[in-house]
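Shown next, in structure tokens, is the structure this report addresses.
Residue numbers (the UniProt record's numbering), protein chains in the order written: chain A, 1 to 437; chain B, 1 to 259.
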């Protein structure tokens, strides 16, 4: 009864046992069982120059529910330092350990809770959206997520509610045999406005093979505006596969700010489906590759609505023997007239053995559109280095300034200084450079 | 110790071609030297070779600053030893603000733990920018990015004023400047005149020297100094050009054969 898809080992009977013990509405149990069938049938996602079949995802593990705690201090060491928001949910291993939502937001009808609770208590709000942006039947990874996911976050922002402060989810993986499948589901009703920060971290140690299989689904209703900051920073022993997907209706806007700062191999796919007239999507991605890391990052904007805008900017710094495949895909469907899709990918190589492929892809089925792309792969400019050094700045500090400068156009967009500092620190730590004055 | 830059028999090549062919000069604190000459005679190569540009290779000669061997030093060490080069074509560096850059440069000269306070630094930078009639917003602009030619030159002088070098080399600082900007830049340089500070001003026009009075004027041809004199030499060059120098010295082609 065991499904052994190369290196991803899944015990089907234990998953059936798991599903049968869930106290959940019928619809979701049925979907879990359907998805389990798909795990047996579906292939890995097809990625260019990346063969996921050969990655060691480790054992799937089991569901480990964390103890619910009443203060951040009771969380594993270091976790609390990632919390930058009053309104925060901390996920730990296969469940949720901590929830804090202000009375003010609760009073406005905002729902911010454990996705397992939301499935039961707000099933009418969850059902139309959960696994509807990303589908179980896409590949073995999405199917496995739909089968076995527990915990996660549900955020519901009612119509016309503008939330000035950010809401945050921190997902911590600190038990080796635990299933880790963080899921964030956000529904922003018409003319609402919200910023959401997601952090994914791990504390498992350097030996062994683990994985985190995450999803972030965002539904942006007409006129709503949602900003997502997603920073992933798991250890080298953890493979991170993450799907982020937004569906944006008329005059809605999504903004993605993404830090791909993992230490291990990672695959991510961040997609906006721009459905409604006048909707827009803006995505900014920072990536740092280190050691022997293999990264495959796709950013995609799919235009269905008329007069829709998309912009994507990826900045990657590659060191050591790391490799990154960076795909930018702008797809404009027939009928999406008056659309403007732009993208830029820039890769800065700090090592002769590192590798970065920037692949801008434009797929256009409509005539009345604007679309553009720019891509470059280069090294630290020797003239710039000379100029900075000619003012007495040593080589290490000069390189730090140039790298920070390269990433700054993305970092400067982050609306919160705490989060900017967090990213700068993570980048500098990953690059092994100490902070400047 | 009084500032002294000594250049002896300096030869330098770029991409295998010799451009400096035995350059000698001594600059003491308090002195202003002007090096003049037509295009292609090696003036900018001199500036770059002294600063340590990676494309230029020094093949013989020696350069000392207050007795220390400059050529043994990396570019940043030369700067910290007191050398400054106001460049003809300053680099643009996106994402690095002018103030962050300059504060790093100021702190590079100070001990760890003795960094300049942010407030003190900002006050100094604001005050020097005022002297140079620079818009205060240039403090937060990315380094030289989108600056006009004149703005870049002022920004070079601003850096010189903040870093207070022992020896300042100004490479074609007057090129691309209108008369107002030229006056402001010259005032910045004059404000820095000091008995412990020497200047090497590289130019092909005498115009700048109306504003900054040199003590010594040298004519450079074929990668070395061929004639030296006082300020009157610059005036004669302005009035009569370089032909008479060539005739006097029997030089047919004054260039080092570049381009």
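C-beta atoms are modelled at their ideal positions from N, C-alpha and C, and glycine is treated no differently.
- Residue 234 of chain B and residue 261 of chain A have their alpha carbons spaced roughly 60 Å apart.
- A direct Cα-Cα distance of roughly 12 Å separates residue 114 of chain A from residue 170 of chain A.
- In the three-state DSSP reduction, residue 215 of chain A falls in the strand class (E or B).
- For chain A, the residues of the segment 159-174 of chain B that bring a beta carbon within less than 8 Å of one of its beta carbons are 159, 163, in chain order.
- If the five residues before and after residue 418 of chain A are omitted, its C-beta is found closer than 8 Å to the C-beta atoms of 84, all from its own chain and listed in chain order.
- Counted as a single uninterrupted DSSP element, the beta strand (DSSP E) harbouring residue 32 of chain B occupies residues 32-36.
- Per the C-alpha coordinates, the member of A:76, A:15, A:318, A:381 positioned closest to residue 291 of chain A is A:318.
- When the Cα atoms are used, residue 219 of chain A and residue 233 of chain A turn out to be separated by approximately 25 Å.
- The Cβ of residue 401 of chain A sits closer than 8 Å to at least one Cβ of chain B.
- For residue 151 of chain B, the closest alpha carbon among the candidates B:20, B:184, B:163, B:66 is that of B:184.
- With respect to chain A, the C-beta atom of residue 101 of chain B has a partner C-beta closer than 8 Å.
- At the C-beta level, residue 301 of chain A and residue 276 of chain A stay beyond 8 Å of one another.
- Assignment of residue 64 of chain A by DSSP, reduced to helix, strand and coil, places it in the coil class.
- For residue 50 of chain A, the closest C-alpha among the options A:334, A:256, A:380, A:294 is that of A:294.
- For residue 167 of chain B, the CB contacts under 8 Å within the same chain, skipping 5 residues up- and downstream, are 3, 5, 27, 65, 82, 83, 84, 197, 198, 199, 200 in chain order.
- For residue 420 of chain A, none of the residues of chain B pass the 7 Å Cβ criterion, the least Cβ distance being about 13 Å.
- In summary, the residues of the segment 381-401 of chain A whose CB is separated from some CB of chain B by less than 8 Å are 381, 382, 383, 384, 386, 387, 388, 389, 390, 391, 392, 393, 394, 395, 397, 398, 401, in the order they occur in the chain.
- Using a Cβ-Cβ cut-off of 9 Å, residue 352 of chain A is close to nothing in chain B; its nearest Cβ partner there is about 17 Å away.
- Interface annotation, residue 408 of chain A: in contact with chain B, CB-CB separation under 8 Å.
- With a beta-carbon spacing of about 27 Å, residue 323 of chain A and residue 310 of chain A fall beyond the 8 Å limit used to define contacts.
- Excluding the 5 residues flanking it on each side, residue 224 of chain B has same chain C-beta neighbours closer than 6 Å at 21, 22, 23, in chain order.
- For residue 410 of chain A, no beta strand (DSSP E) run applies; the uninterrupted alpha helix (DSSP H) run containing it begins and ends at 395-411, by DSSP.
- Along the segment 75-116 of chain A, the beta strand (DSSP E) occurs as fully enclosed runs of 3 or more residues at 87-92, 95-100, 111-114, listed in sequence order.
- The closest CA to that of residue 332 of chain A, considering only A:313, A:357, A:304, is found on A:304.
- Within chain B, the residues 93, 94, 95, 96 have their CB atoms less than 7 Å from the CB of residue 405 of chain A, given in chain order.
- Straight-line measurement puts the Cα of residue 245 of chain A at about 28 Å from the Cα of residue 12 of chain A.
- Note: residue 360 of chain A is bridge-paired with A:328 in the DSSP secondary-structure output.
- For residue 85 of chain B, at least one C-beta of chain A is nearer than 8 Å to its own C-beta.
- Annotation: the continuous beta strand (DSSP E) that includes residue 245 of chain A extends over 238-248.
- Counting only the Cα atoms, residue 424 of chain A lies some 11 Å from residue 410 of chain A.
- Residue contact check for residue 33 of chain B against chain A: no CB pair falls below 8 Å.
- Cβ contact annotation for residue 62 of chain B (same chain, cutoff 6 Å, sequence separation greater than five): 8, in chain order.
- The continuous alpha helix (DSSP H) containing residue 160 of chain B extends over residues 149-163.
- Annotation: Cβ neighbours of residue 75 of chain B in chain A (cutoff 8 Å, chain order): 386, 389, 390.
- Straight across, the Cα-Cα distance linking residue 183 of chain A with residue 340 of chain A is about 31 Å.
- As DSSP reads the structure, residue 178 of chain A sits in a beta bridge with A:62.
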